[in-house]
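Each number in the working numbering comes from the position in the sequence shown (counting from 1) with 256 added on.
Note that CB positions come from ideal geometry on N, CA and C, so glycine has one too.
This report concerns only the one structure given below.
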Amino acid sequence: MEMSKEEFLGQFGGDYGYPGAPKGVDEMRATEFKRLEGMAYLDHAGATLYSEVQMADVLNDLTSNVYGNPHSQSDSSMATSDLVTAARHQVLKYFNASPREYKCIFTSGATAALKLVGECFPWSRESCYMYTMENHNSVLGIREYALSKGATVLAVDVEEVADLAKNHGSDSLYKISRRSNQRRGKDVLSHNCQNGSLSDILGQKFSLSLVKLIKEGKIPLQQQGKWMVLIDAAKGCATEPPNLTVYPADFVVCSFYKIFGYPTGLGALIVKNEAANLLNKTYFSGGTIAASIADIDFVQKRKNIEQVLEDGTISFLNIASLRHGFKIIEMLTTSAIERHTASLATYVRNKMLDLKHSNEINVCTIYGQQSSKVEGLKMGPTITFNLKREDGSWFGYREVEKLASLFGIHLRTGCFCNPGACAKYLGLSHSDLVSNFEAGHVCWDDNDIINGKPTGAVRISFGYMSTYEDAEKFLKFLQSSFVSLPVQFNGYMLNLNSLNLIDNSSQKAVSDIHLKSIIIYPVKSCQGFGAKSWPLTTGGLMYDREWLLQGSGGEILTQKKVPELGSIRTLIDLELGKLFIESPTRRDKLQVSLLESLADLREEIDVFGQRYEVQSYGKGDCKQKLPVDAMRFRPNLVISGSSPYSEDNWKKLCIGEACFTSMGGCNRCQMINLHQDSGQVLKSKEPLATLASYRRKKGKILFGILLNYEDIMEGENEIVAERWLQVGQQVHPSIE
257 MEMSKEEFLG QFGGDYGYPG APKGVDEMRA TEFKRLEGMA YLDHAGATLY SEVQMADVLN
317 DLTSNVYGNP HSQSDSSMAT SDLVTAARHQ VLKYFNASPR EYKCIFTSGA TAALKLVGEC
377 FPWSRESCYM YTMENHNSVL GIREYALSKG ATVLAVDVEE VADLAKNHGS DSLYKISRRS
437 NQRRGKDVLS HNCQNGSLSD ILGQKFSLSL VKLIKEGKIP LQQQGKWMVL IDAAKGCATE
497 PPNLTVYPAD FVVCSFYKIF GYPTGLGALI VKNEAANLLN KTYFSGGTIA ASIADIDFVQ
557 KRKNIEQVLE DGTISFLNIA SLRHGFKIIE MLTTSAIERH TASLATYVRN KMLDLKHSNE
617 INVCTIYGQQ SSKVEGLKMG PTITFNLKRE DGSWFGYREV EKLASLFGIH LRTGCFCNPG
677 ACAKYLGLSH SDLVSNFEAG HVCWDDNDII NGKPTGAVRI SFGYMSTYED AEKFLKFLQS
737 SFVSLPVQFN GYMLNLNSLN LIDNSSQKAV SDIHLKSIII YPVKSCQGFG AKSWPLTTGG
797 LMYDREWLLQ GSGGEILTQK KVPELGSIRT LIDLELGKLF IESPTRRDKL QVSLLESLAD
857 LREEIDVFGQ RYEVQSYGKG DCKQKLPVDA MRFRPNLVIS GSSPYSEDNW KKLCIGEACF
917 TSMGGCNRCQ MINLHQDSGQ VLKSKEPLAT LASYRRKKGK ILFGILLNYE DIMEGENEIV
977 AERWLQVGQQ VHPSIE
């Protein structure tokens, strides 16, 4: 599958790597993105990356100049005002928008710009808000303003019909299928239409000729009246900003971190003068008015639309940094960035379509233009997909994300805040979406497969500094982790398929298996301690994971949030009836009486300068699938004398007089990659990466088993018989 770089350049060399720029992509990566060594960052649709040279220029600018509040009249404030004016013109130039026809309003981001339009647009019962199905939630949210004023809301599918366009002698014609919002049904006068320049989920380019055709009244939209067009260019402007001279939209929104990585928290609303006159803003603030009187209803707003719509002091220091980002774009040019990213996306997409399992089942399902390979550079920089197993079932996107992190690959999973496109391309009906929610699925959770269907997808996206090496790293990851090869040549698959097919005849004699060690973890995520013998209770090992640490805001702390918890030592003395907790940052030990009411226990402990509360931990939490195994794996019981992985087939086992039922394999996460030596927490990809190569089963990386203690009652009073485990006891497993 792999194509050499020479072959790649032979096919894409005219578009890849900025051949005509002062600095090529390889030199740029080596000098301006040194922090990316060893990783492939493929989430540029989420946020592209800032250059180290760019940030050095920003720092030098801020430390060499004095920028005052632009609402003041000092020299430093006047300098800031001039800088802001220059920044507005630079933004308009980027969109090829004439300052005579358009104004640039700075906001906290594209979402804030969209909200501003929704709040200020003159909605009425004669208005119609029409938006495409493949739109971000931030665009979808505008409908709430429209609906609150009685406007009609329509979601539409837009399909470009090239054959019809040829027959009619037009550049392009469109088939628009409307989906009336179920909360409003009647047809009334149209007023506002939204379109995106680039799908943030598919990478498809929407032809902006639709904007021009709508403005010229050449698209039959059923509703009559004047249409105002809004373009969400938050993603598209990074590689192909809309040309407002050619496609004169009324509103365009963008976020600058999507273009050159920094600053975050700054975006813009590009608004046509005619459209700006329609906006009616209720709230006023400092900087937006010419005069006001505190004790009577008198206020006079400023005439300058930028000052009217920008509440309070604008983010002038972030605005000052824009020129350093635009400097990069001007050096490379947007057309070259578009060709560069499209070459990588086209190459990867076509290679993904070649991936097949040994039974010829396609590995990758790519959403959007998926019927055949892409010829030329027709795609944007984004690819969204899901992966199938050789039996046709789906790999969950969380499994893909977990494994990608082990390979140093950064990508995005889920629905990407785009519910319409997600439902459309995943084939999820309204009832599917509602039932998924009722089953507990919400955004950002781990419920990636419900009733055999994916609830989201995987997205990769390229940026101006992405390289061929990034693409190859990703393709090798897919090949090694998800493609099944012929069994006779694929020892990995043999191991994978044999997880529950162990030859029990080869197991050592039962008498050879014994309990090697017992480890108790009184406080969740802290160090455990070994014991030669320990009592059992109805919940398992006495006092195991009985307490937890709680942050000042009430959140429960784990090593995932605070890796340093692994350096906290714990010990229980049953004779004294006390729990001892020791932090490397405190001289004194925290002592907790085991006889106190656990519900009333609240003690504090210091972890590397942060203070946390110790609270009791409920029995139900002991049943969670917590990480377990020899110190790195945080085990409770370590067995010696059995064959490797023989526990996979154990159904029950008895240790002394205590019997346990296997609850199945223990699913491992990245926490086993954390190890604590001398109080230091070091991160690595092992051992999870190695386990993932041969211990994966249905999306889980299994190592060790989870046990449930079988309580034994004595007598009619149902008193639980006391049982103790002791190191050295024989272990008697059963596979039936």
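Considering only C-alpha positions, which residue in the set the options is nearest to residue i?
i: SER649; options: ILE561, ALA407, THR341, HIS613; result: HIS613
i: THR669; options: CYS782, GLU811, ILE515, GLY302; result: GLY302
i: CYS510; options: ASN499, ILE487, GLU530, VAL555; result: ILE487
i: ASN352; options: ILE705, ALA505, VAL656, THR711; result: ALA505
i: VAL987; options: VAL412, VAL894, ASN929; result: VAL894
i: LEU464; options: PRO497, ASN964, LYS482; result: PRO497
i: VAL309; options: GLU283, ALA945, LYS371; result: GLU283
i: ILE617; options: SER740, LYS658, VAL412; result: SER740
i: VAL414; options: ILE470, THR367, GLN926; result: ILE470
i: ALA994; options: THR640, LEU565, TYR358, GLY517; result: Nothing about residue 994 can be reported from this structure: the residues present for the chain run from 257 to 992 only.
i: LYS780; options: LEU792, TYR799, ALA787; result: TYR799
i: THR225; options: ILE957, LEU609, ASP967, LYS956; result: No information on residue 225 is available, as it lies outside the stretch 257 to 992 that the chain covers here.
i: LEU667; options: LYS729, GLU903, LYS709, ASP610; result: LYS729
i: PRO675; options: GLU992, ALA312, ASN393; result: ASN393
i: ILE585; options: ARG843, GLY266, SER332, VAL347; result: VAL347
i: VAL485; options: ILE526, SER896, LEU609, SER548; result: ILE526
i: GLU562; options: ALA550, VAL555, LEU535; result: LEU535
i: ASN529; options: CYS360, GLN847, PHE693, GLU472; result: CYS360
i: CYS678; options: GLU838, GLY708, ARG715, ILE549; result: ARG715
i: LYS1056; options: LYS607, PHE651, LYS514, THR723; result: There is no way to answer for residue 1056, as the model of the chain reaches only from 257 to 992.
i: MET907; options: THR946, TYR965, ILE957; result: The sequence given here places Lys at residue 907; Met does not occur at that position. Residue TYR965 is the option with its Cα nearest to LYS907.
i: SER896; options: LYS514, ASP551, GLN985; result: GLN985
Tell me whether residue i sits in a helix, a strand or coil according to DSSP, three-state version.
i: PHE718; result: coil
i: ARG825; result: strand
i: ARG645; result: coil
i: MET389; result: coil
i: ARG654; result: helix
i: LEU588; result: helix
i: GLU802; result: coil
i: LYS908; result: strand
i: HIS666; result: strand
i: LEU410; result: strand
i: GLY955; result: coil
i: ARG285; result: helix
i: ASN929; result: helix
i: LEU367; result: Here residue 367 turns out to be Thr, not Leu, going by the sequence shown. Three-state DSSP puts THR367 in a helix.
i: LEU734; result: helix
i: HIS345; result: helix
i: LYS709; result: strand
i: GLY960; result: strand
Do you know offhand how far residue i's Cα is from residue j's?
i: THR363; j: ILE824; result: 45 angstroms
i: GLY324; j: ASN574; result: 13 angstroms
i: LEU981; j: ILE706; result: 40 angstroms
i: LYS583; j: LEU731; result: 32 angstroms
i: CYS922; j: THR520; result: 40 angstroms
i: GLY517; j: SER599; result: 21 angstroms
i: LEU963; j: GLY920; result: 8 angstroms
i: LEU396; j: TYR387; result: 8 angstroms
i: GLU815; j: TYR653; result: The question names Glu, but residue 815 is Gln in the sequence shown. The alpha-carbon atoms of GLN815 and TYR653 are separated by roughly 24 angstroms.
i: ASP701; j: THR711; result: 10 angstroms
i: TYR503; j: ARG888; result: 59 angstroms
i: GLU390; j: ALA411; result: 9 angstroms
i: GLN735; j: GLY807; result: 42 angstroms
i: SER320; j: LYS956; result: 54 angstroms
Is the beta carbon of residue i sitting closer than 9 angstroms to the one on residue j?
i: VAL818; j: LEU805; result: yes
i: ALA727; j: PHE738; result: no
i: ILE769; j: ASN892; result: no
i: CYS782; j: THR826; result: yes
i: LYS349; j: MET587; result: no
i: VAL340; j: ILE570; result: yes
i: GLY365; j: GLY523; result: yes
i: ARG952; j: GLU655; result: yes
i: GLY580; j: TYR272; result: Looking at the sequence provided, one finds His at residue 580 rather than Gly. It is not a contact, given that the beta carbons lie outside the stated cut-off.
i: LEU851; j: GLY822; result: no
i: ILE207; j: THR495; result: The requested residue 207 does not occur in the structure, where the chain is confined to residues 257 to 992.
Quiz item: Does the segment 676 to 693 come close enough to the segment 403 to 410 to have 3 or more Cβ pairs within less than 8 angstroms?
Solution: no
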